[in-house]
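Visitor: One structure coming up, written as structure tokens, with questions to follow.
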Amino acid sequence: MKTREMGATHAFLHLGQRADEEPVDPKKYLEDSCKPKCVKPLLEYQACVKRIQGDDSGHKHCTGQYFDYWSCVDKCVAAKLFAKLK
1 MKTREMGATH
11 AFLHLGQRAD
21 EEPVDPKKYL
31 EDSCKPKCVK
41 PLLEYQACVK
51 RIQGDDSGHK
61 HCTGQYFDYW
71 SCVDKCVAAK
81 LFAKLK
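The structure is reproduced here in structure tokens:
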């Protein structure tokens with residue numbers, strides 16, 4: 001086993017994984033736990049989507065609101081995820 005691979009295995013052992021188990025990415029779980037904290041940007045995104053539903057030109061979009069929502073989720077996840085990886 002290469003040194004880098006051993007380090008990755010070692011990191012997952014610290015997260016409660018056994019060496020013979022498939023590693024589990026905690027990011028998905030943390031995203032689910034952070035989504036309720038980002039309700040305001042989600043509602044703004046959903047309102048935008050509803051507002052532009054009838055636009056057939058393709059010029060209107062909700063990219064800003066979409067990124068605002070995921071930025072909120074990512075900011076929440078980052079603090080928790082990096083604490084687990086230390």
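Under full-length UniProt numbering, think of the first position of the sequence shown as 1, with each following residue one higher. Ideal Cβ positions, reconstructed from N, Cα and C, are used throughout, including at glycine. Here the structure is a predicted model, which is why all the values come from computation and not from measurement.
1. Cβ of L42 within 8 Å of Cβ of V77?
2. Going by Cα to Cα distance, which pick from F82, K28 and C34 is closest to V73?
3. Could you tell me the alpha carbon to alpha carbon distance between K27 and K40, rounded to whole angstroms?
4. Candidates K37, V24 and H59: which alpha carbon is nearest D68's?
5. Please work out which residues of its chain come closer than 6 Å, Cβ to Cβ, to C48, disregarding the five sequence neighbours upstream and downstream, and give them in chain order.
Guide: Per the coordinate set shown:
1. Position 42 of the sequence shown, counted from the start, is the residue given in the question as residue 42. Position 77 of the sequence shown, counted from the start, is the residue given in the question as residue 77. No.
2. As a working mapping, residue 73 is identified with position 73 in the sequence shown. Comparing Cα positions, the closest option is C34.
3. As a first step, residue 27 must be located in the sequence shown, where it is residue number 27. As a first step, residue 40 must be located in the sequence shown, where it is residue number 40. Near 21 Å, if we compare the C-alpha coordinates of K40 and K27.
4. Here residue 68 refers to the residue found at position 68 of the sequence shown. Ranking K37, V24 and H59 by Cα distance to D68 puts K37 first.
5. Start at 1 with the first residue of the sequence shown, and residue 48 comes out as number 48. Hits under 6 Å: C62 and Q65.
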